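Report on the following structure.
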Amino acid sequence: MLGDDLVIYYNDSIDSDNLAAAMALFKATCWKPTVRVLWILEPRQVCFGLSMTMDQITRCKELIKQHFPSFENPFKTLLNGDVKQQDIDDIKDLTKDDRKILEMAVKPKYGLINDAVLHARLSALDLATCLSEWSNNNPIEVLVDYESLEHIENPVNLHMHHHEELINRTENELKEYYDIMKKVLHFGRRTDNLRDWYNK
0 MLGDDLVIYY
10 NDSIDSDNLA
20 AAMALFKATC
30 WKPTVRVLWI
40 LEPRQVCFGL
50 SMTMDQITRC
60 KELIKQHFPS
70 FENPFKTLLN
80 GDVKQQDIDD
90 IKDLTKDDRK
100 ILEMAVKPKY
110 GLINDAVLHA
120 RLSALDLATC
130 LSEWSNNNPI
140 EVLVDYESLE
150 HIENPVNLHM
160 HHHEELINRT
170 ENELKEYYDI
180 MKKVLHFGRR
190 TDNLRDWYNK
């Protein structure tokens, strides 16, 4: 409205720090009738088919520590996808199974933009629901910058962060999500199962 002060919140809302920032901004502005907050979420690339069992994660960290001692934190290395395929190809004394597990530490290609849109839409709905509850159901405006998916390089690891990204899902919904992620499934099957979950 004319004469209002406009505050733009633009964030990817990946973790608890970002949610805390949203809460602080909301509390600072919710009782000021001349302040309008425009909430904009930056979506993240996703890859629905990726997941690792705990045994695979443990073995992968062991292999990173053994073959890439320059990486101080094997778990962070795995999480960030810092290992390069060429570096793995240069290792000659790997078993076929260990090579396959170590390749899981390579930064993956992104999934379809439509998958990122599915995830971003639900993340935005969850944020809007929380903001609406905090504001006693006053109108809240949450937008998603879908166009940024064409050029940003900022994927989210849903295996690790789905519960932080989907902040208003029920315990049962998150359990169903996690069950899909932890099952040993073919890449395409897991992708289809997660798409079905988002489309419910």
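Under numbering that gives the first Met the number 0, the first residue of the sequence shown is numbered 0, with each subsequent residue one higher.
Every residue gets a Cβ at the ideal spot worked out from N, C-alpha and C, and that includes glycine.
None of these values were measured; they are calculated from a predicted model.
{"Query": "Sequence-distant residues of its chain with Cβ nearer than 8 Å to residue 83 (five each side left out)", "Result": "105"}
{"Query": "Exposure of residue 178, with buried meaning 16 or more beta-carbon neighbours within 10 Å", "Result": "exposed"}
{"Query": "Same chain, Cβ closer than 8 Å to residue 3, neighbours up to 5 away in sequence not counted", "Result": "33, 34 and 35"}
{"Query": "As assigned by DSSP and simplified to three states, the class of residue 168", "Result": "coil"}
{"Query": "Spatially closest choice to residue 66 from 89, 78, 128 and 188, by CA coordinates", "Result": "89"}
{"Query": "Boundaries of the beta strand (DSSP E) in which residue 4 is found, first to last residue", "Result": "4 to 10"}
{"Query": "Exposure of residue 114, with buried meaning 16 or more beta-carbon neighbours within 10 Å", "Result": "buried"}
{"Query": "Sheet register partners of residue 120 (DSSP bridge)", "Result": "According to DSSP, which records beta bridges pairwise, residue 120 is partnered with nothing at all."}
{"Query": "C-beta atoms of residue 143 and residue 123 nearer than 7 Å", "Result": "yes"}
{"Query": "C-alpha distance - residue 138 paired with residue 95, whole-angstrom precision", "Result": "56 Å"}
{"Query": "Cα-Cα separation between residue 182 and residue 110, rounded to whole angstroms", "Result": "19 Å"}
{"Query": "Opening and closing residue of the beta strand (DSSP E) in which residue 35 lies", "Result": "34 to 40"}
{"Query": "Three CB pairs or more closer than 8 Å across the segment 13 to 22 and the segment 71 to 85", "Result": "no"}
{"Query": "Exposed unless 16 or more other CB atoms sit within 10 angstroms - verdict on residue 152", "Result": "exposed"}
{"Query": "Helix, strand or coil at residue 81 according to DSSP, with G and I counted as helix", "Result": "strand"}
{"Query": "Segment contact flag, the segment 37 to 47 with the segment 153 to 164, C-beta cutoff 8 Å, min 3 pairs", "Result": "yes"}
{"Query": "Spatial neighbours of residue 48 in its chain, beta-carbon cut-off 6 Å, leaving aside the 5 residues before and after", "Result": "186, 189 and 190"}
{"Query": "Identity of the residue in 108, 79 and 148 nearest residue 160 by Cα", "Result": "79"}
{"Query": "Contacts around residue 54, its chain only, beta-carbon distance under 6 Å, and the 5 residues preceding and following it disregarded", "Result": "none"}
{"Query": "Beta-carbon spacing of residue 167, residue 129 below 7 Å", "Result": "yes"}
{"Query": "8 Å contact criterion, which residue 117 and residue 197 should meet: CB distance rounded", "Result": "4 Å"}
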